[in-house]
Amino acid sequence: MSGDSKVFSLVGKGLKLDTKADIQPHLDALQQIADLQEVHLGGNTLGVEACQALADVLKDKKTLKVADFADIFTGRLISEIPDALRALCDALTDHASLVELNLSDNAFGGRSAEPMVNFLKNNHSFSVLKLNNNGLGITGGTIVAEALYEAAQNLKAKGLESKLRTVICGRNRLENGSAPVWAKAYAAHGGLVEVRMFQNGIRMEGIEAISKGLASCPNLEVLDLQDNTATLRGSRAIAACLPKWPKLKTLNLSDCLLKPKGGALVFGALANGSNPALETIQVQYCDLDRKVLDQLGIAIDLHLSSLTKLDINGNWADEEDECIDKIKSALAKHGHEDALLELDEMDPEGEESEGEDEEDADEDEEEADAESSAKSSAQVDDTDELASALAKTSLTDAK
908 MSGDSKVFSL VGKGLKLDTK ADIQPHLDAL QQIADLQEVH LGGNTLGVEA
958 CQALADVLKD KKTLKVADFA DIFTGRLISE IPDALRALCD ALTDHASLVE
1008 LNLSDNAFGG RSAEPMVNFL KNNHSFSVLK LNNNGLGITG GTIVAEALYE
1058 AAQNLKAKGL ESKLRTVICG RNRLENGSAP VWAKAYAAHG GLVEVRMFQN
1108 GIRMEGIEAI SKGLASCPNL EVLDLQDNTA TLRGSRAIAA CLPKWPKLKT
1158 LNLSDCLLKP KGGALVFGAL ANGSNPALET IQVQYCDLDR KVLDQLGIAI
1208 DLHLSSLTKL DINGNWADEE DECIDKIKSA LAKHGHEDAL LELDEMDPEG
1258 EESEGEDEED ADEDEEEADA ESSAKSSAQV DDTDELASAL AKTSLTDAK
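Using our numbering, you'd call the opening residue of the sequence shown number 908 and step up by one each time.
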């Protein structure tokens, strides 16, 4: 138990709790906390019976604010997880004080998304949802997003507003197949402040859909789409939506393959001055050339006086180039000389001669890929197989 009498933690103890008897000593300690606010269980592995016993205790802990169940199923069979997860989620459905649910780093797979649905649709109190690295895939991602959308619709029917503010759903192979449903869900939860969907294999059409959905979220402060594929179409959508996010503080588009034309659109939008609150811009490894980086320098000089972190590493320029000097001067003008991060992997010989025809060809190729992706989303999601393999990893190996 934590030194804070309102926090219960077993984090990192490496416990293997299969049965009610296994977990009972810890439940006894948990029950002694009259005004429990946080539970942290990461770094242990819980079986179905242990989770059901834990759920029975948590049902009565109505003051609970943070339910941190990240990394609690290592080594479990994929067939065990649905019942264990359902018990925990259902136990929290009526908790009006709950603020955060964290289920990250559990190898669910798409088939384990359904046990979360009842909670996601019917608990209207939580504001932070963390589902990072769960192997949800297109199927699981669609189930989660649809549940969030239905929750918003239920609230709307009652004349109430959503309290959802943060969604972290990275490393889940969501791809384009689930993107339209996520877009619909985001648009329905207009109070969102932070959205992180990094490393999901989302391509240009998906980026476009998600951006348009988030356009209905005027209070957005953090957008992290790192390591997806935007190219021109996705970049155009992001650029068009930037004026909708006047409170934006963090924009992470690193490894999103903006390319020169896409980067020009994004930086051109920033140069219009609609995002003065930006503190962090990350566009590393985006195939940006000197001309586009020069545009970024102009945007910083004109309107980005709050920028304190800028990552442009891995793009097509040299540290000694004029465009880099312009960026440094613009940052210095606002008193942020140290904002620019390391430039140790710049590529001054990058393919700056890439023409419009080549980019247009890329667009055509990605549209063809999108059609293929749409067809594959109708098939059985292979992410469950990956999740099953991950789940079989022993707790010892995971450390």
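Beta carbons: idealized from backbone N, C-alpha and C, even for Gly. Since this is a predicted model, take the numbers as computed values, not measurements.
Margin query: If I measure Cβ to Cβ from residue 914 and keep anything under 6 Å in the same chain, skipping five residues before and after, which residues do I get?
Written below: 945
Next item on the list: Inspect the beta-carbon positions of residue 1154 and residue 1186 and report whether they are closer than 7 Å.
Entry: no
Notebook entry, point to check: For the candidate residues 1217, 1062 and 1112, whose alpha-carbon lies nearest to that of residue 1191?
Noted result: 1217
Next item on the list: Measure the Cβ-Cβ separation of residue 952 and residue 981 and say whether it is below 7 Å.
Entry: yes
Note to self: Just to confirm the assignment, what range does the beta strand (DSSP E) spanning residue 946 have?
What the structure shows: 945-947
Note to self: Pop quiz: residue 1138 and residue 1169 are said to be a contact at Cβ under 8 Å. What is the actual Cβ separation, rounded to whole angstroms?
What the structure shows: 6 Å
Next item on the list: In the DSSP assignment, find the alpha helix (DSSP H) that holds residue 1219 and state where it starts and stops.
Entry: Per DSSP, residue 1219 belongs to no alpha helix (DSSP H) and is neither H nor E.
Note to self: Quick check: the region 1057-1066 against the region 1075-1089, are at least 3 beta-carbon pairs closer than 8 Å?
What the structure shows: no
Notebook entry, point to check: How many angstroms separate the CA atom of residue 1286 from the CA atom of residue 1043?
Noted result: Its pLDDT being 44, under 50, residue 1286 is placed unreliably in this model, and the coordinates cannot settle the point.
Check: So what's residue 1040 in DSSP terms, helix, strand or just coil?
Finding: coil
Note to self: To test your reading of the DSSP string, which unbroken beta strand (DSSP E) runs of 3 or more residues are found completely within the region 1019-1076?
What the structure shows: 1035-1037 and 1073-1075
Check: Going by Cα to Cα distance, which pick from 943, 1176, 1156 and 1096 is closest to residue 1054?
Finding: 1096
Notebook entry, point to check: What first and last residue would you give for the alpha helix (DSSP H) that runs through residue 1103?
Noted result: From DSSP, residue 1103 is part of no alpha helix (DSSP H) but of the beta strand (DSSP E) over 1101-1103.
Margin query: One question on the structure: do residue 1159 and residue 1134 come within less than 7 Å of each other, judged by their Cβ atoms?
Written below: no
Next item on the list: Identify the continuous alpha helix (DSSP H) that holds residue 1189 and give its terminal residues.
Entry: Where residue 1189 is concerned, there is no enclosing alpha helix (DSSP H), although the beta strand (DSSP E) it sits in stretches over 1187-1189.
Next item on the list: May I have the straight-line CA-CA distance separating residue 1215 from residue 1167, to the nearest angstrom?
Entry: 24 Å
Note to self: On the criterion of 16 or more Cβ atoms from any shown chain inside 10 Å, does residue 1074 qualify as buried, or is it exposed?
What the structure shows: buried
Check: Roughly how many angstroms separate the alpha carbons of residue 1014 and residue 943, rounded to a whole number?
Finding: 28 Å
Next item on the list: In angstroms with no decimal places, state the Cα-to-Cα distance between residue 1196 and residue 1050.
Entry: 40 Å
Check: In terms of residues, what are the limits of the beta strand (DSSP E) holding residue 1083?
Finding: Counting along the chain, residue 1083 falls outside any beta strand (DSSP E), though it belongs to the alpha helix (DSSP H) covering 1082-1095.
Next item on the list: Ignore the nearest five residues each way along the sequence and tell me which others in residue 947's own chain have a CB closer than 6 Å to its CB.
Entry: 916, 918 and 975
Notebook entry, point to check: Where does residue 1138 fall in DSSP's three states?
Noted result: helix
Notebook entry, point to check: Which stretch, first to last residue, makes up the beta strand (DSSP E) that contains residue 1130?
Noted result: 1129-1131
Notebook entry, point to check: Assuming residue 1083 contacts residue 1113 under a Cβ cut-off of 8 Å, what Cβ separation, rounded to an integer in Å, is found between them?
Noted result: 4 Å
Note to self: Can you tell me whether residue 1255 is buried or exposed? The criterion is at least 16 other CB atoms within 10 Å of its CB, across all chains shown.
What the structure shows: exposed
Margin query: On a Cα-Cα basis, can you pick out the residue from 1237, 1230, 1232 and 1224 that is closest to residue 1213?
Written below: 1237
Next item on the list: Name the two residues that bound the continuous beta strand (DSSP E) containing residue 998.
Entry: It is not in any beta strand (DSSP E) - residue 998 instead sits in the alpha helix (DSSP H) that spans 988-999.
Item checked: C-alpha distance - residue 990 paired with residue 956, whole-angstrom precision -> 9 Å
Note to self: What would DSSP say about residue 1199, mapped onto helix, strand or coil?
What the structure shows: helix
Check: Mind checking whether residue 1099 and residue 1076 have CB atoms under 7 Å apart?
Finding: no
Margin query: Going by the DSSP bridge assignment, what does residue 974 pair with across the sheet?
Written below: 946 and 1008
Notebook entry, point to check: Where DSSP assigns a beta bridge to residue 923, which residues make up the other side?
Noted result: 952
Next item on the list: Sort 1048, 1023 and 1070 by Cα distance to residue 1032 and report the nearest one.
Entry: 1070
Notebook entry, point to check: Are residue 977 and residue 949 touching if we call contact CB-CB under 7 Å?
Noted result: yes
Margin query: Within a Cβ cutoff of 7 Å, which residues of the same chain sit near residue 1283, ignoring the five residues on either side of it in sequence?
Written below: Note that residue 1283 scores 45 on pLDDT, short of 50, meaning its location in the model is unreliable; the coordinates nonetheless yield the value given after this. Counting only Cβ-Cβ distances below 7 Å, and skipping sequence neighbours, we find nothing.
Check: According to DSSP, is residue 916 helix, strand or coil?
Finding: strand
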